[in-house]
Amino acid sequence: MRVLVIDARIAGVAGDMFLAALIDLLGKTEPLYRVVEAVEVSLNLHGELKVEVSETSRGGLRAKLVKVDVEPRHYSLKASEALETTRKVCREAGASERASRYALKVMEDLAEAEQRVHGTEGDVELHQLSSPDTFIDVVGSAILLDEAGFLGQVEVYATPPVLGGGVIKLPHAELRGPAPATLEILRKHRYPFVQTSIDEELTTPTGIAILTNLAEKVVDLYPPMKVERVGYGAGVKELGGIPNVLRMVEGSAHAISMDRVMVLETGLDDVTGEVVGYLAEKLMKTGALDVYVIPALGKKGRPSFQVKVLAKPEGYLDLVETLMNETGTLGVRVREEPRVIAEREEVELRVEVGGEQQKVKVKVSRDPSGRLLNVKPEFEDLKRIAIEQRRPLREVLEEVKLKTLEKMMKGEVLGSE
């Protein structure tokens, strides 16, 4: 299984850094110059645009630098015009449909963020979105990602981007960083980040829009992998204390999937069983992956419950709040743990149950070699069939599992019916 890791925790992510890191990783610049020509045609620049790719050093690390020079002028496009220009640049540069879709998603995020930040609605002018280097960064990255097979064909991970500070120039004022549009995109994607004391803008709106639309898995540690290629993209400035680079690492990983979960625990000795039952149900509805309630003996010999909750890292605070609000507990233990998970999918198929054709959702899990590990029909579907046919649930479960396995032995593709 191919893996791409985007390490934005070193010095954040900007559009030009992302593009430069890709060029360094892949060792190709031709797609970039196609995009430059396409931007010149689409924005009627006629030789006003110059792009240079060079070797440089940041904090002692060798890296690629992409520098865009354009004749100074006022660029201003409405949101719809910026999106249409993106489509035109993609066509002129020969981008695939997949690369074009990705580039448009990034530009739509940028447009939406700018509109929300400035409190504007409708088709208004967006100055930052109109800059030629934005189109180069976004469409250039999209084409390089696609040609390398990184759009949907590999597992893409990112470390939490570091935001930085600095002074952000608004149309009529200045603001301490991070940029409002950067925060808006992070909010939309519920994307984790980290902060630093460095007083420079490290993560830009364009950079975070490119990253959040590519890497959904945010990790603190690199996944176990064999490294094959490494690329470094340089930021414009030298930073004191850290190299101003974005690092990309491509490699191959074992087919066994790994992720991380939050484990929440608390002890309860002053609530009833009914309250605990209601709590477990509410936690699942709030987004818990699983809830365990374990009878225990507490202080002074009091009967108690140990409640353990598994949660995704991005949503665990909502579950902590639910635990505290519903039980009045004074504290919740929180820790993050790695876990190994089987490859799994949920499919819907039609099987004959009790002489009748029924639609049943089934969870299918496999080992890294593709060998079947387990088939688990959805409980609610089994319950519905059992009630309709007035049969024991146990019988329905056994029949559905048997029919599902028969279909798989015949080579029928699950989910195609």
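Here the sequence shown stands for residues 919 to 1335, where the numbers follow my numbering. Quick reminder that beta carbons are idealized off the backbone N, C-alpha and C, glycines included. Because the structure is a prediction, the values reported are computed rather than measured.
So, using beta-carbon positions, are residue i and residue j closer together than 9 angstroms?
i: M1180; j: R1253; result: yes
i: E999; j: S1059; result: no
i: L1081; j: V1112; result: yes
i: L944; j: E1065; result: yes
i: V1278; j: V1238; result: no
i: T1114; j: V1189; result: no
i: V1314; j: L1300; result: yes
i: A939; j: R976; result: no
i: E1168; j: V1148; result: yes
i: V953; j: I1054; result: yes
i: E1118; j: G1083; result: yes
i: G1205; j: D1236; result: yes
i: A1013; j: V1057; result: yes
Compute the Euclidean distance between the alpha carbons of residue i and residue j, then round it to the nearest angstrom.
i: E1030; j: L1201; result: 32 angstroms
i: D987; j: E1264; result: 50 angstroms
i: A1198; j: V923; result: 36 angstroms
i: K1023; j: N1131; result: 7 angstroms
i: P1295; j: G1273; result: 18 angstroms
i: L1139; j: Y1075; result: 10 angstroms
i: R927; j: T1077; result: 6 angstroms
i: L1186; j: I1212; result: 10 angstroms
i: L1267; j: K1321; result: 10 angstroms
i: N1243; j: R1262; result: 34 angstroms
i: V1193; j: K1217; result: 20 angstroms
i: L1104; j: P1110; result: 7 angstroms
i: P1221; j: L1063; result: 57 angstroms
i: T1100; j: M1143; result: 31 angstroms
Thinking residue i and residue j are a contact (beta carbons under 8 angstroms), I'd like their distance in whole angstroms, please.
i: S960; j: E1010; result: 6 angstroms
i: L1353; j: P1098; result: The first residue shown for the chain is 919 and the last is 1335, placing residue 1353 beyond what the model contains.
i: D1177; j: I1259; result: 6 angstroms
i: C1008; j: A997; result: Not really, about 17 angstroms apart at Cβ, beyond 8 angstroms.
i: E1134; j: S1170; result: With a Cβ gap of about 20 angstroms, E1134 and S1170 do not count as contacting.
i: V1282; j: V1271; result: The pair is not a contact, with the Cβ atoms about 18 angstroms apart (cut-off 8 angstroms).
Please indicate yes or no: does the CB of residue i lie closer than 8 angstroms to some heavy atom of the ligand FMN?
i: L937; result: What this structure holds is no ligand at all, so the ligand FMN is not there to describe.
Item checked: beta strand (DSSP E) segments (min. 3 residues) lying fully within the region 1041-1101 -> 1073-1076, 1085-1087 and 1092-1094
Notebook entry, point to check: Do the region 1150-1165 and the region 978-987 meet, that is, are 3 or more Cβ pairs less than 8 angstroms apart?
Noted result: yes
Check: Can at least three beta-carbon pairs, one atom from the region 1217-1226 and one from the region 1182-1199, be found at a separation below 8 angstroms?
Finding: yes
Next item on the list: Say whether the region 932-942 touches the region 1118-1138, bearing in mind that this needs 3 or more beta-carbon pairs closer than 8 angstroms, one atom from each stretch.
Entry: yes
Next item on the list: Counting only runs of 3+ residues fully inside the region 971-1020, write out the beta strand (DSSP E) ranges in chain order.
Entry: 979-988
Margin query: So, does the region 1000-1019 touch the region 953-967, judging by three or more C-beta pairs under 8 angstroms?
Written below: yes
Check: Unbroken beta strand (DSSP E) runs of length 3 or more, entirely within the region 1134-1196: which are they?
Finding: 1144-1152, 1163-1170 and 1175-1186
Note to self: Which complete alpha helix (DSSP H) runs does the region 1193-1252 hold, if anything under 4 residues is left out?
What the structure shows: 1234-1245
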